[in-house]
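> Take this structure first; my questions come after.
Numbering (this note's numbering), first residue to last: 1 to 95.
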């Protein structure tokens, strides 16, 4: 079973009307991921776990999300993760 990007956008609009902005952001993030193959999403998920990736690898994932998949919200999330992981020393050793 799958849901369409447009359906998720409708759900985001409803959430915003109900002042549930965090829920709306989640729906929009999910909508961006619709076009990405499941295997790639799982690989990105694993790369985002602490100590799994270097900062350069995370930034490359962010660029892929933005430029290949037009997933700008998710790209910003991965860039933020790379920054936070660097600050908290959560990047893969040797990075």
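We put the beta carbon where it would ideally sit given N, CA and C, even for glycine.
As the structure is a computational prediction, the values presented were derived from the model and not from experiment.
Measure the beta-carbon distance from residue 57 to residue 47 and round it to whole angstroms, keeping in mind my assumption that it falls under 8 Å.
Here the question's residue 57 lines up with position 57 in the chain shown. Here the question's residue 47 lines up with position 47 in the chain shown. Between residue 47 and residue 57 the Cβ distance is about 6 Å, and since that is below 8 Å, they are a contact.
> Determine the extent of the alpha helix (DSSP H) in which residue 29 is found, giving its start and end residues.
The residue labelled residue 29 in the question sits at position 29 within the chain shown. Residues 21 to 33.
> Tell me where the alpha helix (DSSP H) around residue 71 begins and ends.
What you label residue 71 is simply residue 71 of the chain shown in a count that begins at 1. First-last for residue 71: undefined, no H or E at that position.
> Sort 35, 15, 89, 85 by Cα distance to residue 66 and report the nearest one.
Residue mapping note: residue 66 aligns to position 66 of the chain shown, counting from 1. Closest option to residue 66, Cα to Cα, is 35.
> In its own chain, which residues sit with a C-beta less than 8 Å from the C-beta of residue 28, not counting the 5 before and 5 after it?
Indexing the chain shown from 1 puts residue 28 at position 28. Excluding sequence neighbours, residue 28 sits near 8, 9, 12, 73.
> Output yes if chain D places a C-beta closer than 8 Å to the C-beta of residue 83; else output no.
In the displayed structure, chain D is absent; only one protein chain is listed.
> Going by C-alpha to C-alpha distance, which of 23, 4, 78, 88 sits closest to residue 45?
The residue labelled residue 45 in the question sits at position 45 within the chain shown. Looking at the Cα atoms, 78 is the closest of the given residues.
> Using three-state DSSP, classify residue 81 as helix, strand or coil.
Start at 1 with the first residue of the chain shown, and residue 81 comes out as number 81. Residue 81 falls in the helix class under three-state DSSP.
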